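**Q** Have a look at this one.
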């Protein structure tokens, strides 16, 4: 009996030694996909339920004015994983980041940490195109599904508007509970199929669904389980190297297919659609109606598909809220795994989204535009040794490119992130001053966050569409010279474009100068 007590004491001592002997902090990065401000703590929608994210926010420094540098998946992820602004990399569209010369010759977060002694792991969707031989373990492959399938390819779900799937693609036009199992009849397009299917080339297989208790797991559920198992494995491993784990949850990206219990929390008759202003586009660059963005087309097809804008938005809002609530549960599983481990006191947790999303505001249903809802994202950083600022808010504008240098700062690394003369240094700045003092004047970064999208008229970095966000204003400048100005102090929903009002001439001139300086700085 005495031997067993001594053995137990020795095991506890070894675990404690494992923790205390590791000087460098572990880093867990949780990346959500297409999540806007529909969280409880951000109050973006009155019915959003995100108890786990809210709890993490209460323990973190909250960056309330954080922005994606390009609001669409591939370039945003390439940007924040390297800290390089899209202007610098010249990658702001829908291409393959792995073919971009700057990214090929610059170190990403896992590459830099790995060469500095870290174990690096990922699961789910982190990069949009993940470089090879970077990770020590790549976890669960990213599959957006399950999807409806016609025997040859993924297709629109029968319960959703057909025209949406035909014009936008099945992925962005699918939003149903998991229990709505699709049955696709045979046709000229394919032999037909009964049931759900994973359709990614890496995971192409039938998705089994009998009921909620007897079914396969979707990607995010598998990633959460993988993360829990990985933490247990690391606890048992005598390897004392610190770790970096990037966990990429796919929801609330479409298809908005999640277990039925999440839909049941939001009865369709009780859904509140987001605040909107009728004819909100009239004073914007798109007010003439001559240019229809993908986001506006999605909103129009949704409205037409359900016979009314209100019903269409209720259907989509229900699905989006359900998917957010599901993603929040996955976040909770990751945070609980850390909290219940020996790593709890030495692990930094960073949570954010790759960009925002429109759910009917400005008659849009997508991302990749320059209004606030597309770039504004949640950003939480929990640094265990700094609980005095837990739950405090930073209102200064920051960007996702600031995440990489923040990790470097807390891990005490100062080496170069350039592989050779074709690479570029990161453009971001460490957020550590704000984490230690949320009203810090020691921030070395800019007073604006710069977001951009492609003009598709030129490949020159300074001939694209841009938006800059300050503490109070958002200024948008289009390739053709069109301008928009919004005063967030008095108009947080961006309903009133002030660009042509004479009393704001000085503000406009100041914002133009700020934009020019930011573009010049990133275009060196």
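Residue numbers (my numbering): 1 to 524. Ideal placement from N, C-alpha and C gives every residue a C-beta, glycine not left out. No experiment lies behind these values; they were computed from the predicted model shown.
Counting along the chain, where does the beta strand (DSSP E) carrying residue 612 start and finish?
**A** Residue 612 lies beyond the range of the chain shown here (1 to 524); nothing can be said about it.
**Q** For the beta strand (DSSP E) containing residue 124, name the first residue and the last one.
**A** Run containing residue 124: 119-124, per the beta strand (DSSP E) assignment.
**Q** By the 10 Å Cβ neighbour count, where 16 or more other Cβ atoms means buried, how is residue 472 classified, buried or exposed?
**A** It counts as exposed.
**Q** Measuring alpha carbon to alpha carbon, tell me which of 207, 248, 240 ends up nearest residue 257.
**A** Measuring from the Cα of residue 257, the nearest candidate turns out to be 207.
**Q** At what residue ranges does the region 368-428 contain a whole run of the beta strand (DSSP E), taking only runs of 3 or more?
**A** DSSP runs (the beta strand (DSSP E)) wholly in the region 368-428: 379-382.
**Q** Mapping DSSP to helix, strand and coil, what is residue 21?
**A** With a pLDDT of 44 at residue 21, under the threshold of 50, the predicted position of this residue should be treated as unreliable, though the coordinate-derived value follows. Correct three-state label for residue 21: coil.
**Q** So, are the CB atoms of residue 157 and residue 182 less than 7 Å apart?
**A** For residue 157 and residue 182, yes; Cβs fall inside 7 Å.
**Q** DSSP three-state call for residue 74: helix, strand or coil?
**A** Note: residue 74 maps to helix in three-state DSSP.
**Q** By alpha-carbon positions, which one of 322, 255, 365, 242 ends up nearest to residue 303?
**A** Checked all of 322, 255, 365, 242; the closest Cα to residue 303 is 365.
**Q** Would residue 71 and residue 368 be called neighbours here (beta carbons separated by less than 7 Å)?
**A** Yes, these two residues count as a Cβ contact at 7 Å.
**Q** Who are the Cβ neighbours of residue 220 in its own chain at under 8 Å, not counting the five residues just before and after it?
**A** Answer for residue 220: 124, 249, 250, 251, 326, 327, 330, listed in chain order.
**Q** Where in the region 209-284 do unbroken runs of the alpha helix (DSSP H), each at least 4 residues long, occur, reported from the N-terminal end onward?
**A** Complete alpha helix (DSSP H) runs here, min 4: 219-236, 260-264.
**Q** Given a cut-off of 7 Å, decide if residue 397 and residue 448 are closer than it, judged by their beta-carbon atoms.
**A** Closer than 7 Å, so yes.
**Q** Do three or more CB pairs link the region 276-295 to the region 227-241 at distances below 8 Å?
**A** No contact exists between the region 276-295 and the region 227-241.
**Q** If I'm right that residue 209 touches residue 168 with Cβ under 8 Å, what's the distance once you round it to whole angstroms?
**A** The Cβ separation is near 25 Å, so there is no contact.
**Q** With DSSP collapsed to three states, give me the class of residue 33.
**A** Residue state, collapsed to three classes: coil.
**Q** Mind checking residue 254: buried by the 16 CB within 10 Å criterion, or exposed?
**A** Residue 254 is buried by the Cβ-count criterion.
**Q** Can you give the Cα-Cα distance for residue 464 and residue 215, rounded to whole angstroms?
**A** Their Cα atoms are separated by approximately 46 Å.
**Q** Contact defined as beta carbons within less than 8 Å: I believe residue 486 pairs with residue 500. What is the distance between those atoms, to the nearest angstrom?
**A** So it is not a contact: roughly 13 Å between Cβ atoms.
**Q** Would you give the residue range spanned by the beta strand (DSSP E) that residue 483 belongs to?
**A** From DSSP, the beta strand (DSSP E) with residue 483 extends over 483-487.
**Q** Buried or exposed for residue 173, please, with buried defined as at least 16 other CB atoms from any protein chain shown within 10 angstroms of its CB.
**A** With 16 or more Cβ atoms within 10 Å of its Cβ, residue 173 is classed as buried.
**Q** In terms of DSSP beta bridges, what is residue 497 paired with?
**A** Paired residues: none, contrary to the question.
**Q** For the alpha helix (DSSP H) that contains residue 299, what are its first and last residues?
**A** That run of the alpha helix (DSSP H) goes 294-306.
**Q** Quick one: what's residue 206 bridged to in DSSP?
**A** Bridge partners of residue 206: 197.
**Q** Would you call residue 383 buried or exposed, if buried means 16 or more other Cβ atoms sit within 10 Å of its Cβ?
**A** The residue in question, residue 383, is buried, as its Cβ has 16 or more Cβ neighbours within 10 Å.
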